[in-house]
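Every number in our numbering is 3 more than the matching position in the sequence shown, counting from 1. No residue lacks a Cβ here, since even glycine has one placed at the ideal position from N, Cα and C. Because the structure is a prediction, the values reported are computed rather than measured. What follows is one structure encoded as structure tokens, with my remarks underneath.
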Amino acid sequence: IGLVYILLPFMVMPLYSSIEKLDKPLLEAARDLGASKMQTFIRIIIPLTMPGIVAGCLLVMLPAMGLFYVSDLMGGAKNLLIGNVIKVQFLNIRDWPFGAATSITLTIVMGLMLLIYWRASRLLNKKVSDISD
4 IGLVYILLPF MVMPLYSSIE KLDKPLLEAA RDLGASKMQT FIRIIIPLTM
54 PGIVAGCLLV MLPAMGLFYV SDLMGGAKNL LIGNVIKVQF LNIRDWPFGA
104 ATSITLTIVM GLMLLIYWRA SRLLNKKVSD ISD
């Protein structure tokens, strides 16, 4: 609950920005052409807000990887988070090679996720510009 409370604004702001930028005539056109509310949501709203959804997920996941102190403060080390594992490896067990390998693996995974986001946003921007032209 503590992580949700802290990280919720990081998800809400990109979503709000994406939803605010939705082209209202596209939604009206979908309704005029007979699309139900669910079809409009799945086929129009979700694809157009996908950059905000992905950005929000990344903005939440990046800090969540390092927020090991929240789980320590809220309920001890009952919840296993990757930040806790790295902290224990460095400070308690003194297994520096494993801690460093875990940190580098985490950095590589985050870099790959950012690369996927970058490519997906370029592809989505190209599709949206093709639709609007």
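Assigned with DSSP and collapsed to three states, Ile107 falls in helix. Counting C-beta atoms within 10 angstroms of its own C-beta, Met41 has fewer than 16 neighbours from the protein chains shown and is therefore classed as exposed. Per the coordinates, the alpha-carbon of Leu109 lies some 37 Å from the alpha-carbon of Thr43. Here Ile47 has Leu29, Leu30, Ala33 as same chain residues with Cβ atoms under 7 Å from its own Cβ, once five neighbours each way along the sequence are excluded.
Here the C-alpha atom of Tyr8 lies approximately 15 Å from the C-alpha atom of Cys60. DSSP places Ser124 within a helical segment (H, G or I) once states are collapsed to three.
Between the segment 10-19 and the segment 50-58, the count of C-beta pairs closer than 8 Å reaches three or more; the two stretches touch.
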